[in-house]
Each structure stands twice: as structure tokens, then as C-alpha cells.
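Single-structure report; data block below.
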Amino acid sequence: MEESEEKERGIMGEEQDDGGKNLGHEKIQTFESEENCMEECTEEEEKEKGMETGKDAELEAEVKAELRPSDSDSQTSFIRGSDLFGYVGIEDVLDQMRRKTMKAGFEFNIMVVGQSGLGKSTLVNTLFKSKVSRKSCSSNYEEKITKTVKLHSISHVIEEKGVKMKLTVIDTPGFGDQINNENCWQPIMKFINDQYEAYLQEEININRKKRIPDSRVHCCIYFIPPTGHCLRPLDVEFMSRLSKVVNIVPVIAKADTLTLEERDSFKQTIREELRANGIDVYPQKEFDEDAEDRMINDKIREMIPFAVVGSDQEYQVNGKRILGRKTKWGTIEVENIAHCEFAYLRDLLIRTHMQNIKDITGSIHYETYRVRRLNESNPHLISQPPNHLDAQSKANGQLEEQPGALQANGVAPQHAALSHEM
-13 MEESEEKERG IMGEEQDDGG KNLGHEKIQT FESEENCMEE CTEEEEKEKG METGKDAELE
47 AEVKAELRPS DSDSQTSFIR GSDLFGYVGI EDVLDQMRRK TMKAGFEFNI MVVGQSGLGK
107 STLVNTLFKS KVSRKSCSSN YEEKITKTVK LHSISHVIEE KGVKMKLTVI DTPGFGDQIN
167 NENCWQPIMK FINDQYEAYL QEEININRKK RIPDSRVHCC IYFIPPTGHC LRPLDVEFMS
227 RLSKVVNIVP VIAKADTLTL EERDSFKQTI REELRANGID VYPQKEFDED AEDRMINDKI
287 REMIPFAVVG SDQEYQVNGK RILGRKTKWG TIEVENIAHC EFAYLRDLLI RTHMQNIKDI
347 TGSIHYETYR VRRLNESNPH LISQPPNHLD AQSKANGQLE EQPGALQANG VAPQHAALSH
407 EM
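Residue numbering for the sequence shown follows the working numbering, starting at -13 and increasing by one per position.
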């Protein structure tokens, strides 16, 4: 009996030992599986970080490739702001340009065209909140032309917050006032081209001025009578011809004579006629620089022509002094967009697009005139392609890099001969 009990105790002890070993083995396996999971998670995180780092490296490589010049000898490199050791001050160039512009000032030349009595001078006075119309100043330029069409040019220096602007207003009294208005746009076309010619002569002069006086017409505001029906043949002919040489901004004069429904219908009719006759007014769609400009200019093109009201008289409305026109039915506030679209015209010409208007005048309209005049003065150079001129110049030794020596279209004007021919 005692022997059998000892055997049973021994068997139970062995089973307990085996159970303990099994439990220990299971615990070890559990710890090992947890360690393996942690290792796998760590590896996955490292892979993800590696992929993100790789993407950043690829993106940076693409940016560097885009900014890297095509020349293999170029030493230009791409440096990110975070790679710099400290502040460089490149952005201060903008302050330098601003100080220089404020010191020198700038010019803006605007022409107003339309029949007498449409409020051209009043609108200009309202735009610049100054007495700049020809009635308040003596003109410094007057050109008498047949059929009583005259051109008056008046200049004023306007200063605001330290910024000086020489404003020149060209008025055209007598335009469209005759029974026979045939070719009445020719004096205006001649005046615009004369300003291009004067600028060209200064530009090609060997001893030219450091800063060439700019009398080129930057913008032409064309006043459409508020008939409420459609454009007249004179309106279509003028804008069709002049839009090729100057930036035209059409406006509906004295829009307070139209109801809101009549105004909207008239504006839509004018836009359709401009489109049907191929008249490209400012801002021209083909000169949009990027998608952002296109989006902004599309909104402006949808509003053209601007229905405006001009007034240089101040009135008290709700405790505020405003520019407006007082009638028996109330006061028309010039700068209230619910009454007229003068504010949109002012923003376009002064606050948002003035520099762009000047840039298009110089790089498009004047450049077109300049190329044509140089080609007319040097017809023997037109037959030679640019490649031929480059090869010939290189064969002679080196390519001249003086201003005007070789233009982008392959024209190489001889200054002395050109000045003599003009």
C-alpha cells in the first residue's frame, strides 16, 4: 500500500513538473510572438518613413531639375530657405524698388474720346479727385485739325502718400459732332502714332537720355452715348481701328438716364456687338499671363462696358460727404456700386491694372509700331533671317550686345542712318 501511494505521488509530481514546463514554454512563446510583432511593426514604420523620405527626396530632385538651367556649364544651384545659415535680405529689393519709384515718380497718359456733352472731363476729375480737366487748366498742347476735331493735352503732377504721378489727360473735343463723321478717327490715330514715333526717336538716339519722357497714350476711355439700343457705326469703326494701337476701355456715359433693366440689356448688346466685330478691348484675353490673371480678367470682361456716372460735387448723405448728383428723387452716389459702376472703372484704371496697362502699351502696342518702323527704314535687312545674321556676326569675331544692335526679330538698325531717314 505504501509503495503504491509513493508511485502515485511520483506520477503526480512528474505531471506537475510537465505542466509547469508547458506553461513556461507557452509564456516563452507568447513573449517571443510579442517581440516578433514589435519588430515587424518597427520595420513597417521604418519602411514608411523611408518611403516618405524617398518621396521628399524625389520631389526636391524634381524641383531642382526644373530650376536647373539647360547649360551643362552653369553653376546655378537650388537653395531652400531652410538650408540657409541666416537671413540674406533678398526681399529688401522690393523696398529698394519702391523707394526708387517714389523718388522718380511715374507717368500715366489717358485719352478720353466721345461726343461733346457726355461728361468726359467730369469723369476724369472724379477718377483722380482733382481738377484736371481742360476747363480748369491751360493746355500745353493743342493741334487744330479740320472738321473742328481738336486734341488738348493737359498734364498735372498728383502726389499721394509720397508717390508722385504725372497725369496727362488728352481730350478730343469735336469728335463725332459733325453731320459727316467720315474718318474722324484719323486725327486721333495720328496723335497716338506721333507719340510712338517721338519715343522711338529718343530710344534710337546715340546720346539718349537716361530716362526717356513717356508721352505714349496708355489708355483710351471711349464714351458710348446712353441710347439703350446698340452701338452706332461710328462706335464700331472707331474701336475696331483704335483697339489695334491702344488699350480701349469702353464706358456707358451718364448711366443714370437708364433704368437697371435697360442698363443690363444695353451692356449685353454691346458685348455681343464687340464680339461679333472682333473688337478686343482691355483687358485683352490673349495677354493674360496665368490662370489667376485669367480668372480676374474674365470677371472684368463680363462687366464691360462700365455704366458710369461722374460728378465732382460733394453732398452730405447720412452724415458722410460723398461725390454724387442730386435730383428731386434723391442723390446718386458715384462710388456706390448699387447706383453705378464707377468704382469698378476706378479700380481697374488705378488700383489694380494701371501698371499692366502701361506694360501692354510698351511691350505690345509700341513694340508693334517699333518693329514696323524699323523694318520700313531698313528693308534690305528683312530678307536676311536671324540665323544668317548670327552666323555672320560670329564669323566676324563676336556678336555685339549694344542696345539696339540686334533686335529679337533679327533687325539690326543703324542708328545714324535710321535717324536720318526718319
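Using N, Cα and C, we set each Cβ at its ideal position, and we do this for glycine too.
Check, Outcome
"Helix, strand or coil: how does DSSP classify Gln302 here?", "strand"
"I need the DSSP call for Ile178, collapsed to helix, strand or coil.", "helix"
"Assign Phe328 to one of two classes, buried (16 or more other C-beta atoms within 10 Å of its C-beta) or exposed (fewer than that).", "buried"
"Who are the Cβ neighbours of Arg332 in its own chain at under 7 angstroms, not counting the five residues just before and after it?", "Leu113"
"Roughly how far, in whole angstroms, is the beta-carbon of Gln101 from the beta-carbon of Phe161, given that I think they are within contact range, below 8 angstroms?", "7 angstroms"
"Here's the rule I'm using: 16 or more other beta-carbon atoms within 10 Å means buried, otherwise exposed. How should Leu246 be labelled?", "exposed"
"Under the assumption that Met151 contacts Ile144 (Cβ atoms under 8 angstroms), give the Cβ distance between them as a whole number of angstroms.", "5 angstroms"
"Gln181 to Tyr268, Cα distance in whole Å?", "20 angstroms"
"Since Pro212 and Ile238 are thought to touch, with beta carbons under 8 angstroms apart, how far apart are those beta carbons, to the nearest angstrom?", "6 angstroms"
"May I ask you to report which of helix, strand or coil DSSP gives Ile290?", "coil"
"Write down the C-beta distance between Gly105 and Gly296 rounded to the nearest angstrom, noting that I regard them as a contact closer than 8 angstroms.", "5 angstroms"
"Considering Pro236, what are the terminal residues of the beta strand (DSSP E) in which it resides?", "234 to 238"
"Classify Leu217 as helix, strand or coil using the three-state DSSP reduction.", "coil"
"Could you tell me if His215 is buried or exposed, where buried requires 16 or more neighbouring beta carbons within 10 angstroms of its beta carbon?", "exposed"
"One question on the structure: do Val155 and Met88 come within less than 8 angstroms of each other, judged by their Cβ atoms?", "no"
"On the three-state DSSP scale, how would you describe Gly310?", "strand"
"Taking buried to mean at least 16 other C-beta atoms within 10 Å of its own C-beta, is Ser349 buried or exposed?", "exposed"
"Which residue marks the beginning of the alpha helix (DSSP H) containing Asn361, and which one marks its end?", "352 to 363"
"Identify every residue that forms a DSSP beta bridge with Gly316.", "Thr313"
"Does the beta carbon of Leu217 come closer than 8 angstroms to any beta carbon on chain D?", "Absent from the structure: chain D. Only one protein chain is present."
"Measuring only the C-alpha atoms, how far is Ser201 from Met97?", "11 angstroms"
"Looking at Ile210 and Leu217, is the spacing between their C-beta atoms short of 8 angstroms?", "yes"
"With DSSP collapsed to three states, give me the class of Lys344.", "helix"
"Do you know how far the Cα of Lys195 is from the Cα of Leu109?", "35 angstroms"
"From Leu360, Asp242, Arg359, pick the residue whose C-alpha is nearest to that of Ile323; which is it?", "Asp242"
"Could you name the residues of the same chain whose beta carbon sits closer than 6 angstroms to that of Asn304, not counting the 5 residues immediately before and after it, in chain order?", "none"
"Helix, strand or coil for Lys150? Go by DSSP, reduced to three states.", "strand"
"Hey, how far is the Cα of Trp171 from the Cα of Val99?", "10 angstroms"
"I'd like to know whether the C-beta atoms of Phe273 and Ile346 end up nearer to each other than 8 angstroms.", "yes"
"Between Met225, Arg227, Ile290, Ile190, which lies nearest to Leu334 when the distance is taken from Cα to Cα?", "Ile290"
"Within the continuous beta strand (DSSP E) that includes Phe252, where are the two ends?", "No beta strand (DSSP E) holds Phe252; the alpha helix (DSSP H) holding it covers 246 to 262."
"If we ignore side chains and look at the alpha-carbon of each, how far apart do Tyr352 and Ile256 end up?", "28 angstroms"
"Specify, as a first and last residue, the run of the beta strand (DSSP E) that Tyr208 falls within.", "205 to 210"
"Only counting the same chain, and skipping five residues up and downstream in sequence, which positions put a Cβ closer than 6 angstroms to that of His142?", "Val118, Leu153"
"The beta strand (DSSP E) with Asn95 in it runs from where to where?", "92 to 99"
"If we call anything under 8 angstroms between Cβ atoms a contact, is Val203 one with Asn111?", "no"
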